[in-house]
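Inspection log for the structure reproduced underneath, given as C-alpha cells.
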Amino acid sequence: MLYYDDGWSGLFEAITGYGLGGSSMALFGRVGGGIYTKAADVGANLVGKVERNIPEDDPRNPALEWDLIFLDAESSCAALVASTSSFGINHELTPMLYPLIISSVGIVGCLITTLFATDFFEIKTVKEIEPALKRQLIISTILMTIAIGIVSWIALPFSFTIFNFGDQKAVKNWQLFLCVAVGLWAGLIIGLIGAATNVIFGLALGYKSCIIPIFAIAVSIFVSFSFAAMYGIAVAALGMLSTVATGLAIDAYGPIGDNAGGIAQMAGMSHRIRERTDALDAAGNTTAAIGKGFAIGSAALVSLALFGAFVSCASISTVYVRTPKVFIGLFVGAMLPYWFSSMTMKSVGGAALKMVEEVHRQFNSIPGLWKALLSLTMLPRRNSLWCPFRSFVSGVQITISASNTGGAWDNAKKYIEAGASSYAKSLGPKGSDPHKAAVIGDTIGDPLKDTSGPSLNILIKLMAVESLVFASFFATHGGLLFKTF
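Just so it is clear: in the sequence shown, position 329 is 1495 by our numbering, and no numbers are missing.
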C-alpha cells in the first residue's frame, strides 16, 4: 500500500481511509440490496400467498423473479465488514504483524474444517443438516484456538510494549493469546444463539437473545482491555473474525438453498425435490444467524477500539468513558430493557391466546375498529425504527434482536408448511388461518433479519471509522464538540 508519509501514521491514515470506503460501500450494498429484495419478498407474500393463495415460489407470482435475482445481495457485504477491521494506534512491529498472521492462519484452519463437512461426517437425514453446519463452526473454533496459541508462542516475544493513550504498557505473549481466544469463543457463543416460533413469542425470544451475546461481548472487552488495553480489544475482534471463512460459508448456504427451492418450484420438479430444498432452506435460515453474529460482535469490539484510536489521534485527554467498566455498564444497562420486555411479552402472548375468540368477535361486530387501532400504532412504530440509529450502544441490541426475531418468524412459517410435528400438522395445511398468520410474521421478519438488523452493524463501524478518519481535522480546526467540552 502507498501512503504519503515516512512513518506508521501515514500507513494508518491510508488504512482507515480504505476502511471508510469499504464500510460506505458495504452500507450502500446492504441497505440498497436488502430493501429491494425484501420489497419483492413482501409483495410476493402479501399478494400471492395471503390474498390469492398462490404457493411460495410459484411462477404465477410476478414478484418472485426479483426476489431470486437480488437475494444474494444480502450476503455480499460480509467480507467488506471483515476488511475494515484495521485501525491506527502506534505499536511495535511484532504486535503489528500479529493480526496479519492471525488472519492467515484462520484461512488455513477454515480450509481444514471443510474436510469434516465433506469427508468425515456424512449427512443422511434432514435433522442432521443444521447440526452438521454448526459442527463446522465449533471444529473451526477449536482448531483456531490451538493454532493461535502456537502462533502467539512463536511469533511474539515473551514480553513487549504497546502504547495506551500515551502511556506504555508491558504485555506478555500469553496475555495477547487470551485476548484473541476470548474474542474467538465469544464469537462462537454469539453465533450459536437461536430464536423461537411465533409472532409475540418470537419478539420475546429475539429480545431475550441479547442477554448472552452482550455478556460475551462485555467479558471480551474487560479481559482484553485488562491484558493489552485497546490493542487487546483489537486482536480480540480479529480472533472473533479468524473463523469468518467458515461463518461466511455457512451464511452463504442459506441463499443458495432458498434459490434452489425457488428454481425447483418454477421448473415444476417433483414434490420430493421440493421437500428436500425446503429442509435445506429451513436449516439455512437458522444457521444464517451465525454469520450475522460474527458481524455484530466484531462491530462492537472494533468500534470500541476505533473509539480509542479517535481519542488518541484527536489528543483528547478528558474523556473518561474509555475505561472498560463504563462501556460494560452501557452495554449491560442497554440490555436490561430488552430482558424486561421479553418477560412481559411472554405474559402478553399467553394471555392473548385466550382472548383470540373475543377479539375476532369484536372485530366482526364493530366496523372500523381495526382502523382506529392501526392509526394509534403508527407513531410507536416510526419511533422504534428511528431510535436505534441514534445510539451505538442500543444499536448492538437492536441488531441482535432484529436478526433473531426475523429468523424465528421465518422458521415458524416453514415449521407449519413442512408439518414438522403433530402440533404443526394440527395447525392445518397451507392457506389455513395459522399458516396465513405465519406468512404475515415471515413478511415482517424478513426485513428485520435481512435488512434492518445486518445494516446496523455496518452503520456502527462506519460511524466509528469516519470519526477516526476526520479526527486530525477536528483536532486541528476545532468544532462544536471540542469547543463545548
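Glycine is no exception: its CB is placed at the ideal position from the N, C-alpha and C atoms.
Predicted model, so just to flag it, every value in this text is computed and none were measured.
Contact check, residue i vs residue j, beta carbons under 8 angstroms
{"i": "L1446", "j": "I1295", "result": "yes"}
{"i": "V1348", "j": "I1268", "result": "no"}
{"i": "L1344", "j": "M1406", "result": "no"}
{"i": "A1426", "j": "T1443", "result": "yes"}
{"i": "T1279", "j": "L1309", "result": "yes"}
{"i": "G1272", "j": "A1411", "result": "yes"}
{"i": "I1582", "j": "A1568", "result": "no"}
{"i": "A1382", "j": "I1355", "result": "yes"}
{"i": "G1413", "j": "L1303", "result": "yes"}
{"i": "A1430", "j": "I1439", "result": "yes"}
{"i": "F1326", "j": "I1305", "result": "no"}
Among the options, nearest to residue i - alpha-carbon criterion
{"i": "I1399", "options": "D1424, K1374, L1342", "result": "L1342"}
{"i": "A1384", "options": "L1407, K1374, A1415, A1352", "result": "A1352"}
{"i": "P1265", "options": "A1321, R1301, G1607", "result": "A1321"}
{"i": "Y1397", "options": "P1379, L1467, G1572, D1444", "result": "L1467"}
{"i": "S1270", "options": "I1378, Q1334, L1404", "result": "L1404"}
{"i": "V1389", "options": "L1277, P1379, A1402", "result": "A1402"}
{"i": "G1573", "options": "D1608, A1603, T1327, H1601", "result": "D1608"}
{"i": "D1576", "options": "I1304, I1380, I1606", "result": "I1606"}
{"i": "G1423", "options": "G1315, S1567, T1311, E1441", "result": "E1441"}
{"i": "F1324", "options": "V1337, P1600, G1413, T1571", "result": "V1337"}
{"i": "F1391", "options": "K1335, G1275, Q1302, S1598", "result": "K1335"}
{"i": "I1377", "options": "L1277, D1599, T1565, K1580", "result": "T1565"}
{"i": "K1374", "options": "K1579, T1291, N1570, V1346", "result": "N1570"}
{"i": "W1319", "options": "T1307, W1340, R1301, I1439", "result": "W1340"}
{"i": "G1611", "options": "T1311, A1578, M1435, D1417", "result": "A1578"}
{"i": "V1274", "options": "M1432, F1286, T1307", "result": "T1307"}
{"i": "T1311", "options": "C1276, K1596, H1437, A1433", "result": "C1276"}
{"i": "V1346", "options": "I1380, P1379, S1386", "result": "S1386"}
Beta bridge counterpart(s) of residue i as assigned by DSSP
{"i": "T1327", "result": "A1336"}
Residue i, DSSP secondary structure in three states
{"i": "K1290", "result": "coil"}
{"i": "L1322", "result": "coil"}
{"i": "K1602", "result": "helix"}
{"i": "K1580", "result": "helix"}
{"i": "K1596", "result": "coil"}
{"i": "V1410", "result": "helix"}
Residue interval of the alpha helix (DSSP H) (run including residue i)
{"i": "F1393", "result": "1377 to 1407"}
{"i": "M1435", "result": "From DSSP, M1435 is part of no alpha helix (DSSP H); its letter is neither H nor E."}
Any chain D beta carbon closer than 8 angstroms to residue i
{"i": "Q1302", "result": "The displayed structure is made up of one protein chain only, and chain D is not part of it."}
Closer than 7 angstroms: residue i CB and nearest the ligand NAD heavy atom
{"i": "S1318", "result": "Looking at this structure, you won't find the ligand NAD or any other ligand, since it has none at all."}
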